[in-house]
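Before any comments, here is the structure.
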Amino acid sequence: MTTPNPAAPAARGSDRLARFWRGRTEDAPWVRPAFLGLLAATGLLYLWNLSASGYANSFYSAAVQAGGESWKAFFFGSLDAANAITVDKPPAALWPMALSVRLFGLGSWQILVPEVLMGVASVGVLYAAVRRRFGAGAGLIAGLVLALTPVAALMFRFNNPDALLALLMTVAAYGVLRALEGGPGAVKWLMGAGVAFGFAFLAKTLQAFLILPPLALVYAVCAPGGLGRRIRDLALAGLALLVSAGWWVALVELWPASSRPYVGGSQNNSFLELTFGYNGLGRINGNETGSVGGGGGPGGGAGGGRWGETGIGRMFNDAVGGQISWLLPAALLLLVAGLVVTRRAPRTDTARSAFLVWGGALLITLAVFSFMAGIFHEYYTIALAPYVAALVGMGASVLWEERTRFAASAALAVTAAVTAWWAWTLLGRTPDWLPWLRWTVLVAGAVAALGLLVSGRVDRRLGLAAAGLGLAAGLAGPFAYTLATVDTGHQGSIVTAGPSGGRGPGGFGGRMPEGGQGGQMPGGFDGQGQGQGQRQGQGQGQSQGRMPGGTPPQGMPQGMPQGGFQGSRGERPGLGGGGGGGMGGLLNGANVGAEAKAALLKDAGSYTWVAATVGAQNAAGYQLATEKPVMAIGGFNGSDPSPALAQFKQYVAEGKVHYFIGSGEGNGGGPGGPGGNSEISTWVAATFEKATVGSATFYDLTKEK
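Per our numbering, the very first residue in the sequence shown carries number 57; after that it's consecutive.
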């Protein structure tokens, strides 16, 4: 087994910086350049073609734009600078992007480069965590696996909260591992992990706490010192977590509701309700009030729900497998191998503790994602990527050190063979995409497995060649998927990694083929709601895409309207077309023409909101085009009870809103179900004059009929 790296002595200022560039005295000369090269390569890979994604998820980009204009919007995570309603998450993930926009102006790079930096930082922290106990080689393997995981390459170039969440979860695990080493600073490292958990909560609420139980349990059992001291340390870390997350929650809950924005995603204007309802238990049991398709429970029959089949095979199915599962079987095998090798180690052994930390995090997250009946999207699986990568790096290192034993060399061989076979299976789901790669990976993996099987009894160089071939075979598939991901822009609420068609029958796209606005989806249905072969060339580009039998793809609930999803530029029922994204503007921001933009900017300074429209994505498109506040009635789904009809009438009477832009399903109600926005839509249609502006229907709220 590799011996622990000795802790570096305390240093300050220039001494610490010099040691960083020089490296530790026990490092081989190639270690520091290899690590810096890994970081640089990761950054260049993730920056490639970055602007092709435009504003990526317009929902969050609008909030970033608002935060760049208003510190109040920055603090609350408001969708607009006039602070009508917030996003349906806490705002920590928005803060780095909003600061970038405030410093450098609004643009695709200004929004997405902070996400890229989070990806590079995640690779660096993971390398440091694995290297400290298992050596530089293991750390480099772990960092490389993380960088080349397709869903990681997707989300570290996208503006959803998952990028910051993945970084902070990696930081938290690193802090726990440092604390498990003991010593005078152990409790500080554990409290640092608590702070990371707290800010992760402010990025994506309760998902941040998924791995908290196994990490706390490992520390309670395996940390040095007496039980009382371990419990005290955990209590201090819990206090750090409570303070780092609770300060913002307390301010929001205590702030008078009349002087802050409505809490988006909640039904009672309460962040605590949002946390434990829509963003909490509702994700587990499927009872998500205000969610897309309503909150009527899981449904969907045994083993499935509105959000696809659940069960242990979910992470390996056609929709999710290509995102994360390439090395998932290897990680599980190497977790078992690592625990077997360290089974006789003392209670405080840091190698076994590391396997328990990363393995516990993987298993609990894997179980929740596999069986949750609520909203589930493929890109959520980025949370698994650091845990998989760490276990692969650590497990490969441990077995390599033990390779002179037949059991260890056999475990290496089995891992290489299983990984190659699974890559062959995944690549077989896209038979027309790089067909040669599938068989190359299988053959290379088989040769590597044979070489690893005898690696303990052959020349070290031959063993290293077999190990290198096995690593290359295992990474070839995800590397190809990652290249396809970074070479394509992604926009909208639901995005996936890999080549077109790589999501299987259940995938739901969001990618932008050749600069287009939406992603290709199976069944002749694209990410903007435009059905191939069903387009209607009627001037405004009307289109209506329908899945066979009116059934939406996996990733969208079974309770969605059956009448076909409306096109991104097509007219919608009720108040008329708003030029929104697919599914009545739910999937992506509106396409805003020059005529509509000019109308909104005319006398814009005279109004608090230049327009109001149902649904946050529709509002986001107009706000990003004009950089002026647009009120998102009903929040993301159009189903939040904000504003009430009486409040909206007051806004109009006070001259605060210029236009109402027609959008939504039915009589203006959002896809989540009719609410106050339906009443508002009906009142607007009955009271004010309408006009077609470009491809959208505008109601001038200063001109009654």
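Even glycine gets a Cβ: it sits at the ideal position worked out from N, Cα and C. Given the structure is predicted, the values throughout are model-derived calculations rather than measurements.
### Query
Does DSSP classify valine 666 as helix, strand or coil?
The answer is strand: DSSP assigns valine 666 an E or B state.
#### Entry: Boundaries (first-last residue) of the beta strand (DSSP E) holding aspartate 374
Where aspartate 374 is concerned, there is no enclosing beta strand (DSSP E), because DSSP gives it neither an H nor an E.
### Query
Buried or exposed: where does leucine 223 fall if 16 or more other Cβ atoms within 10 Å of its Cβ makes it buried?
Looking at its Cβ environment, which holds 16 or more other Cβ atoms inside 10 Å, leucine 223 is buried.
### Query
Can you tell me the Cα-Cα spacing of methionine 57 and isoleucine 431, whole angstroms?
For methionine 57, the pLDDT reaches just 42, beneath the cut-off of 50, and the residue's location in the model is therefore unreliable, leaving the point undetermined.
### Task
Have a look at arginine 517 and tryptophan 456 and give me their C-alpha separation to the nearest angstrom.
Taking the straight line joining both Cα atoms gives about 13 Å.
### Query
Any idea if tryptophan 492 is buried or exposed, counting beta-carbon neighbours within 10 angstroms, 16 or more meaning buried?
It counts as exposed.
### Task
State the start and end residues of the unbroken alpha helix (DSSP H) segment that holds phenylalanine 132.
That run of the alpha helix (DSSP H) goes 127-132.
### Task
Find the nearest neighbour of asparagine 324 within the set Val243, Ala423, Ile141, Ser465, judged by alpha-carbon distance.
Ile141 is the residue among Val243, Ala423, Ile141, Ser465 whose C-alpha sits nearest the C-alpha of asparagine 324.
### Task
With threonine 758 as the anchor, note down where its alpha helix (DSSP H) starts and where it stops.
Looking at the DSSP string, threonine 758 is not in any alpha helix (DSSP H); the run it does join, the beta strand (DSSP E), is 752-760.
### Task
State the CB to CB distance for the pair alanine 198 and valine 542, rounded to an integer number of angstroms; the pair is presumed to be in contact (CB under 8 Å).
No, alanine 198 and valine 542 are not in contact; Cβ-Cβ is about 21 Å, not under 8 Å.
### Task
Go through the segment 198-243 residue by residue and report every complete run of the alpha helix (DSSP H) that reaches 4 residues or more, in order.
DSSP assignment within the segment 198-243 yields the following whole alpha helix (DSSP H) runs of 4 residues or more, N-terminal first: 206-211, 218-236.
### Query
What three-state label does DSSP hand tyrosine 111 in the structure shown?
When secondary structure is reduced to three states using DSSP, tyrosine 111 falls in the coil class, being assigned neither helix nor strand.
### Query
How about serine 511: is its C-beta nearer than 8 Å to some C-beta of chain E?
No chain E is part of this structure, which consists of one protein chain only.
#### Entry: Top-ranked residue by Cα proximity to leucine 173, from Val749, Ala219, Leu271, Leu391
Of the candidates Val749, Ala219, Leu271, Leu391, Ala219 places its Cα closest to the Cα of leucine 173.
### Query
What do you get for glycine 677, buried or exposed, if any count of 16 or more other CB atoms within 10 angstroms of its CB means buried?
Counting Cβ neighbours within 10 Å, glycine 677 comes out buried, since at least 16 surround it.
### Message
Please report the distance separating the alpha-carbon of glycine 282 from that of leucine 391.
### Response
Rounded to the nearest angstrom, the two C-alpha atoms are 28 Å apart.
### Query
What did DSSP end up calling valine 319 once you bin it into helix, strand or coil?
Three-state DSSP puts valine 319 in coil, outside helix and strand.
### Query
For valine 181, which of helix, strand or coil comes out of DSSP?
The three-state reading of DSSP puts valine 181 in helix, counting H, G and I together.
### Task
Taking only the alpha-carbon atoms, compute the straight-line gap between leucine 273 and lysine 684 and give it to the nearest angstrom.
Near 49 Å, if we compare the C-alpha coordinates of lysine 684 and leucine 273.
### Message
Going by beta-carbon coordinates alone, are glycine 711 and serine 698 separated by less than 8 Å?
### Response
Against a cut-off of 8 Å, the Cβ pair of serine 698 and glycine 711 comes out as no contact.
### Message
If distances are taken between C-alpha atoms only, which option among Leu271, Gly195, Ala660, Met428 comes closest to leucine 94?
### Response
Of Leu271, Gly195, Ala660, Met428, the smallest CA-CA separation from leucine 94 is found for Gly195.
### Task
Answer yes if the segment 290-309 comes into contact with the segment 250-262, meaning at least three C-beta pairs across the two stretches below 8 Å, and no otherwise.
Three or more pairs of CB atoms, one per stretch, sit closer than 8 Å, so the segment 250-262 contacts the segment 290-309.
### Query
Is there contact between the segment 471-481 and the segment 424-440, where contact requires at least three CB pairs shorter than 8 Å?
The segment 471-481 is not in contact with the segment 424-440.
### Query
Which residues in the same chain as arginine 459 place their Cβ atom closer than 6 Å to its Cβ, once the five residues preceding and following it in sequence are excluded?
Excluding sequence neighbours, arginine 459 sits near Ser465, Ser511, Gly512.
### Message
Assuming contact is defined by CB atoms lying nearer than 8 Å, are valine 201 and valine 424 in contact in what I supplied?
### Response
Between valine 201 and valine 424, the C-beta spacing is not below 8 Å.
### Extent of the continuous beta strand (DSSP E) run through lysine 746
For lysine 746, the uninterrupted beta strand (DSSP E) run begins and ends at 744-749, by DSSP.
### Task
Compare the C-alpha of glutamate 171 against each of Ser107, Thr261, Glu309, Tyr537 and name the closest.
Selection Ser107, Thr261, Glu309, Tyr537 evaluated against glutamate 171 yields Ser107 as nearest (Cα-Cα).
### Chain-order list of residues whose beta-carbon lies under 7 Å from that of leucine 103 (same chain, five-residue window excluded)
Answer for leucine 103: Val172, listed in chain order.
#### Entry: Local conformation of methionine 687 per DSSP, three classes
If DSSP states are grouped into helix, strand and coil, methionine 687 belongs with the strands.
### Task
Go ahead and pull the three-state DSSP assignment for glutamate 710.
Residue state, collapsed to three classes: coil.
### Message
Using only the alpha-carbon positions, how far apart do serine 156 and alanine 522 sit?
### Response
Using only the alpha carbons, I get a separation of about 46 Å.
### Message
I'd like to check one pair, alanine 137 with glutamate 125: are the Cβ atoms closer than 8 Å?
### Response
In this structure, alanine 137 lies closer than 8 Å to glutamate 125 by Cβ.
### Query
Any idea if glycine 633 is buried or exposed, counting beta-carbon neighbours within 10 angstroms, 16 or more meaning buried?
Residue placement at glycine 633 cannot be trusted, given a pLDDT of 40 that sits under 50; what the coordinates show is reported in the next sentence. Around the CB of glycine 633, 16 or more other CB atoms lie within 10 Å, so the residue is classed as buried.
### Query
Do the segment 528-546 and the segment 367-384 make contact, defined as three or more Cβ pairs closer than 8 Å?
Taking 8 Å as the limit for Cβ pairs, the verdict is that the segment 367-384 does touch the segment 528-546.
### Query
Which same chain residues, not among the five before or five after alanine 540, have their C-beta less than 7 Å away from its C-beta?
The answer, listed in chain order, is Gly554, Pro555.
### Query
Helix, strand or coil for alanine 118 per DSSP?
Of the three classes helix, strand and coil, the one that applies to alanine 118 here is helix, per DSSP.
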